[in-house]
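Sequence lines, in order, name chains A and B. In case it helps, the working numbering puts the first sequence at residues 35 to 216. In case it helps, the working numbering puts the second sequence at residues 35 to 216. All C-beta atoms, glycine included, are put in the ideal place defined by N, C-alpha and C.
There are 2 protein chains.
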Amino acid sequence: MQKDTLCLGLLSLGPRSGYEIKQMFEGPLSDFYSLSFGTIYPTLNKLQDEKYVSCKQLSQSKKPDKKVYTITKKGKDLMKDNLLGDASAYIRSGNFGDQIKSEFFLLLLFAKYLPQETLDTVLNERTLFLRQKLEQFKYDGPVPSDLQALRNEKSVAFIRGLATTLIESGLNYMEKNRGKLN
Amino acid sequence: MQKDTLCLGLLSLGPRSGYEIKQMFEGPLSDFYSLSFGTIYPTLNKLQDEKYVSCKQLSQSKKPDKKVYTITKKGKDLMKDNLLGDASAYIRSGNFGDQIKSEFFLLLLFAKYLPQETLDTVLNERTLFLRQKLEQFKYDGPVPSDLQALRNEKSVAFIRGLATTLIESGLNYMEKNRGKLN
DNA sequence: GATTATATATATCAACCTGATATAGATACC
DNA sequence: GGTATCTATATCAGGTTGATATATATAATC
């Protein structure tokens, strides 16, 4: 997804600074996508130059100033056009489309070169890690206000449910079939 | 995973040219990782300079010459060391670790900006796409000789089984819950 | 038999992105 | 008082991708 469209999409959930956009990527979005500061800040500047977002400088007591960006009508139109135009390309990506880049699967691919003991540890820790992830996705308590906008989206509920299902069936498979790696 | 380790790992399954390594990434490995020619060729040159692989120039009738690389003892040792050293880092990556980069999930996140009709089409095509992927992973017939080495690995059977399970439960979830996106 | 498309094979490079680093004010802790 | 951490913006070296170039050979199309 184009970084422009992505930033506009996140700003469509409410006005935000670059720092806060980064926090969304490090929170609930981290499993699906990420952008670095080196991309976010220049993108926001470009979007502002081209009037897709407006910017207000806020001086805060007790914290450094921040630049809060708000999506404009022109920006919303661009975002919708881009989503529509690229939708068909995104159908074939991710979750066994073309973007997984799983280093863990690569490690398993070469499992025969690991000592049995190491392989056992790896599989045990992977199980623990996935159980933690599962708890994260299932967690339904309060979240920092920055992330509440995301939490409120119907689509986020759908995606969290899907993620939960996938992790559960993956854990199940691992427990039943890990013996086959020896 | 370091590109060096990855190339050495693939060469450990048998001697290969850079072009053939790329073909592995475009075949069964494409769902988990990929490297471009711009990375593969320089990596092989570097590995050769440092004696981790040896190289034979083959002139073929009916095809251009190719450079076939073979992993050396020194190369196998390096690969094993690297796998062991980095194993713990790979536990937390991929399949709801930190590397998915799913553009499809992002598209769903902004589903409310798509016309209902487009969203329906997107979900239908996604279902078709995943069913095709499922057939690919389940396919057990003959494969091009380049890819037979991969097919023979026990670990590949494990990973194919896991992928099959994940796609099946994902499809199931989508069919049951797609109404929640409206 | 001429042209076009496609496959094998290697190589390079501009454009882009990340991860690291720099800067800076403020709070918290010991 | 020193140090660590959080908020906040910004820049940049280094690395990767996707596109492009080059070359040979086969197959298809016209």
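In chain B, which residues lie less than 7 Å from residue i when you measure between Cβ atoms?
| i | result |
| --- | --- |
| A:R126 | F163 |
| A:V177 | Those do not exist, as A:V177 stays about 16 Å from chain B at its closest Cβ, beyond 7 Å. |
| A:Y53 | Result: empty, since nearest Cβ-Cβ is about 20 Å, beyond 7 Å. |
In its own chain, which residues sit with a C-beta less than 7 Å from the C-beta of residue i, not counting the 5 before and 5 after it?
| i | result |
| --- | --- |
| B:F130 | Annotation note: pLDDT 49 at B:F130 (below 50); position unreliable, no value reported. |
| B:K172 | T198 |
| B:S217 | Shown here, chain B extends from 35 to 216; a query on residue 217 of chain B therefore has no answer. |
| A:Y75 | G52 |
| A:K37 | L69, T73, T77 |
| A:D83 | none |
Along chain A, which residues have their Cβ under 8 Å away from the Cβ of residue i?
| i | result |
| --- | --- |
| B:K183 | Going by the sequence as given, residue 183 of chain B is Ala instead of Lys. The contacting residues do not exist; B:A183 stays about 11 Å from chain A at best. |
| B:N211 | F192, G195, L196 |
| B:L59 | Note that residue 59 of chain B corresponds to Phe in the displayed sequence, not to Leu. Under the 8 Å cutoff, chain A gives no residues; its nearest Cβ is about 11 Å from B:F59. |
| B:L215 | K188, S189, F192 |
| B:Y86 | What B:Y86 touches in chain A: nothing, since even the nearest Cβ is about 15 Å away. |
Taking residue i and residue j to be in contact with their CB atoms under 8 Å, please state how far apart those CB atoms are, rounded to whole angstroms.
| i | j | result |
| --- | --- | --- |
| B:T142 | A:S68 | Sequence check: residue 142 of chain B is Leu here, not Thr. At roughly 17 Å, the Cβ-Cβ gap does not stay under 8 Å, so B:L142 and A:S68 are not in contact. |
| B:Y207 | A:G195 | 7 Å |
| B:L168 | B:I193 | With 8 Å as the limit, B:L168 and B:I193 do not qualify as a contact, their Cβ atoms being about 14 Å apart. |
| B:S51 | B:K97 | That belief does not hold up - the Cβ atoms of B:S51 and B:K97 are roughly 11 Å apart, past 8 Å. |
| A:T39 | A:L118 | So it is not a contact: roughly 10 Å between Cβ atoms. |
| A:F1 | B:L153 | Residue numbering for chain A in the displayed model covers 35 to 216; residue 1 of chain A lies beyond these limits and cannot be assessed. |
| A:Y124 | B:F138 | 5 Å |
| B:S203 | A:S136 | Wrong, their Cβ atoms sit about 17 Å apart, outside the cutoff. |
Ends of the alpha helix (DSSP H) at residue i?
| i | result |
| --- | --- |
| A:D154 | 150-172 |
| A:M208 | 188-211 |
| B:L42 | 37-45 |
| A:S179 | 179-185 |
Grab me the residues of residue i's own chain with a C-beta within less than 6 Å of its C-beta, minus the 5 sequence neighbours each way, in chain order.
| i | result |
| --- | --- |
| A:S93 | D99 |
| B:G109 | L42, Y86, V87 |
| B:L184 | P62, V190 |
| A:V177 | R185 |
| A:K90 | V102 |
Give the interface partners of residue i over in chain B, defined as CB-CB distance under 8 Å, in chain order.
| i | result |
| --- | --- |
| A:R160 | I125 |
| A:K146 | E187, K188, S189 |
| A:T152 | L118, A121 |
Note down, in chain order, each residue of its chain lying with its Cβ closer than 8 Å to the Cβ of residue i, except the 5 sequence neighbours on either side.
| i | result |
| --- | --- |
| A:P149 | none |
| A:T161 | L205, M208, E209 |
| B:E159 | none |
| A:F163 | none |
| B:L81 | D38, C41, L42, V87, Y103, G109 |
| A:L44 | R50, I55, M58 |
| A:R212 | L157 |
| A:M35 | Y67, D120, Y124 |
| A:L215 | L142, A145, L153, L157 |
Applying a beta-carbon distance threshold of less than 7 Å, which residues of chain A neighbour residue i?
| i | result |
| --- | --- |
| B:K114 | Y147 |
| B:S203 | T199, L200, S203 |
| B:L92 | By Cβ distance, chain A contributes nothing, its closest Cβ being about 26 Å from B:L92, past 7 Å. |
| B:L40 | L140 |
Which residues in chain A sit within 9 Å of residue i, going by Cβ to Cβ distance?
| i | result |
| --- | --- |
| B:G43 | L140, L143, F144, Y147 |
| B:V156 | A121, S122, Y124, I125 |
| B:Y173 | By Cβ distance, chain A contributes nothing, its closest Cβ being about 14 Å from B:Y173, past 9 Å. |
Residue i touches chain B at which residues, Cβ-Cβ below 9 Å?
| i | result |
| --- | --- |
| A:F71 | None at all; the shortest Cβ gap to chain B is about 17 Å. |
- request: Counting only runs of 4+ residues fully inside the segment 59-141 of chain A, write out the alpha helix (DSSP H) ranges in chain order.
  value: Taking only runs of at least 4 residues, the alpha helix (DSSP H) segments lying wholly in the segment 59-141 of chain A are 71-83, 107-124.
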